[in-house]
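Participant: Just so we're aligned: 112 in the working numbering is position 93 of the sequence shown, and the numbers increase by one with no gaps anywhere. Quick one: the structure is below, questions incoming.
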Amino acid sequence: MNDENPFKPPCSPLVDEHVPDSFISGALTPRQLGTAGWLSLGYAVLGVPYAVSSLSGAVSDAPFMAGLMDAMTVALTLVWVHLLLVLRRLLESRFALSGIAKYINSAISLTVVLTVLSLFLGDEAASELGAAFIAFVILLVPYGVVMALLGWRILSIQHPYDYLRPFAWITVASGVLMATVVLVVLSMVLDVISAGLLGLVFFRAQKELNACRAAAAASASREEPD
């Protein structure tokens, strides 16, 4: 047991000396991390048909399917915002990553604005360069830049989880492609992969937090007087 911190468990395959108190006794729970992990995987799975349908425009002439696509757009946006918020709390509490809030908050704001604009794109003819379309395309640039900077900031972590560094590199690449606008399709492909990796990151954090709290509880029970 760590003499300086009774809540810090000894090393194990899932717990290392770099686990801070803010993560062990913080507001994040294993259940929240597990839920975020499953939501990330679900986002990745649904992202494939959603991206194909969006790019093909096959459902634009069917009112029911168009409405369904709008509903999926809103649902996926809400999920993505939630995942970004959980990621922010994880990066701050587990890795003490400072300055990450400004990138994630900016990404959330731009995501919401892009989603709102996308809901208006269906009302504009494909041959017309309406205001919503122009604004949407313009905002892809700062969104891509913010995501690239977010991934780059994550790469500065000294002792990351196994899947966190690949997630960060793909986020950087996806952001760069998004910022070019013309390569946005490739960016969408990478987004699906990064969502899957993010799910694995959350599951890894869940296992570590479970191990930390179990070890802390065991240490506390051994110290209780008979």
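Every residue gets a Cβ at the ideal spot worked out from N, C-alpha and C, and that includes glycine.
Return the Cβ separation of valine 204 and valine 160 in integer angstroms, given the expectation that the two are a contact with Cβ distance under 8 Å.
Facilitator: As a first step, residue 204 is located in the sequence shown; it is residue number 185 there, counting from the start. As a first step, residue 160 is located in the sequence shown; it is residue number 141 there, counting from the start. That belief does not hold up - the Cβ atoms of valine 204 and valine 160 are roughly 16 Å apart, past 8 Å.
Participant: State buried or exposed for alanine 198, treating a residue as buried only when at least 16 other CB atoms are found within 10 Å of its CB.
Facilitator: The residue given as residue 198 occupies position 179 in the sequence shown. Flag for alanine 198 reads buried.
Participant: Whose C-beta lies closer than 8 Å to the C-beta of valine 131 among residues of the same chain, with five residues either side of it excluded?
Facilitator: Your numbering for residue 131 matches position 112 in the sequence shown. If we look at valine 131 and ignore the five residues flanking it on each side, its Cβ neighbours are Thr96 and Val100.
Participant: What's the call for aspartate 181, buried or exposed, on a 16-neighbour Cβ count within 10 Å?
Facilitator: Taking the sequence shown and counting its residues from 1, the one referred to as residue 181 is at position 162. Exposed.
Participant: For valine 220 and isoleucine 43, I'd like the C-alpha separation in whole angstroms.
Facilitator: Your numbering for residue 220 matches position 201 in the sequence shown. Your numbering for residue 43 matches position 24 in the sequence shown. So the two alpha carbons sit approximately 16 Å from each other.
Participant: When you compare each of Val165, Ala214 and Tyr162 to phenylalanine 186 by their alpha carbons, which one comes out closest?
Facilitator: Mapped onto the sequence shown, residue 186 falls at position 167. Ranking Val165, Ala214 and Tyr162 by CA distance to the CA of phenylalanine 186 puts Ala214 first.
Participant: With DSSP collapsed to three states, give me the class of tyrosine 1.
Facilitator: Residue 1 is absent from the structure shown; the chain starts at 20 and stops at 245.
Participant: CB alanine 94 to CB valine 211, shorter than 7 Å?
Facilitator: Counting from one through the sequence shown, the residue named residue 94 turns up at place 75. Counting from one through the sequence shown, the residue named residue 211 turns up at place 192. For alanine 94 and valine 211, no; Cβs fall outside 7 Å.
Participant: Report the option in Leu103, Arg113 and Tyr69 whose CA atom is closest to the CA atom of isoleucine 176.
Facilitator: Position 157 of the sequence shown, counting from 1, holds the residue named residue 176. Taking only the C-alpha atoms, the option nearest isoleucine 176 is Arg113.
Participant: Please state the DSSP three-state secondary structure of proline 39.
Facilitator: Here residue 39 is taken as the residue at index 20 of the sequence shown, counted from 1. Coil at proline 39, not helix or strand.
Participant: Between alanine 151 and leucine 136, how many whole angstroms is the CB-CB distance? I'm expecting something under 8 Å.
Facilitator: The residue labelled residue 151 in the question sits at position 132 within the sequence shown. The residue labelled residue 136 in the question sits at position 117 within the sequence shown. The pair is a contact, with the Cβ atoms about 5 Å apart (cut-off 8 Å).
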